[in-house]
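0 is the number of the first residue of the sequence shown in numbering that gives the first Met the number 0; add one for each residue after it.
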Amino acid sequence: MADIDDSLDNRITLKTLSRALSHGLSPIVEVESMDGIYTVRFHHANGISELCDNNGATRTFLGTGEIREMLGDLGLTHGVLTWADQCGDEMIGVEGHAMTPEEMLANGTRISFR
């Protein structure tokens, strides 16, 4: 499995993901919500890969149904729904810090693809 993780880039197409899964990749799937737009990231031993199209642009979705069907068809069963949220409000003097990827996964909601 380490060989598969080592070959993954920070962007991954559906075709590359399918091939990696068939060779033993077992990532933590993150679906991030950003004001009604969703992106998908795969956390693996060698880093994080974001789902992209064939041109390398980040794939975005307007709902989770398409994501559920697409990833379920590849054999993935579950993931974590996270959200990009403001962590402070500079207008009223509330400071904050951006959540780390680990904090986002720990505070996310488990979701099912099957």
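Think of the CB as a built atom: it goes at the ideal place given N, C-alpha and C, for glycine as much as any other residue.
No experiment lies behind these values; they were computed from the predicted model shown.
Less than 6 Å between C-beta atoms, sequence neighbours within five positions excluded: which residues of the same chain meet that for residue i?
i: R67; result: F112
i: I47; result: R40
i: S82; result: Position check: residue 82 holds Trp in this sequence, whereas Ser was assumed. Excluding sequence neighbours, W82 sits near S32.
Pop quiz: residue i and residue j are said to be a contact at Cβ under 8 Å. What is the actual Cβ separation, rounded to whole angstroms?
i: T108; j: L70; result: Not a contact, Cβ separation roughly 16 Å.
i: L61; j: I27; result: Going by Cβ atoms, the distance from L61 to I27 rounds to 23 Å, so no, they are not a contact pair.
i: V30; j: T57; result: V30 to T57, Cβ: 13 Å. No contact.
i: T15; j: N53; result: Not really, about 10 Å apart at Cβ, beyond 8 Å.
So the alpha helix (DSSP H) residue i belongs to, where does it begin and stop?
i: R18; result: 13-21
i: L50; result: Taken as a continuous stretch (DSSP letters only), L50 belongs to no alpha helix (DSSP H), being part of the beta strand (DSSP E) at 46-50.
i: L7; result: Careful: L7 lies outside any alpha helix (DSSP H) and carries neither H nor E.
i: A105; result: 100-105
Would you mind reading off the limits of the beta strand (DSSP E) that contains residue i?
i: R109; result: 108-111
Going by beta carbon distance, what residues of the same chain come within less than 7 Å of residue i, once the five residues before and after it are set aside?
i: L7; result: A19, H43, N45, S48
Margin query: Count Cβ pairs between the region 71-84 and the region 8-25 that sit closer than 8 Å; are there 3 or more?
Written below: yes
Check: Which whole runs of the alpha helix (DSSP H) in the region 22-76 are 4 residues long or more, in chain order?
Finding: 64-72
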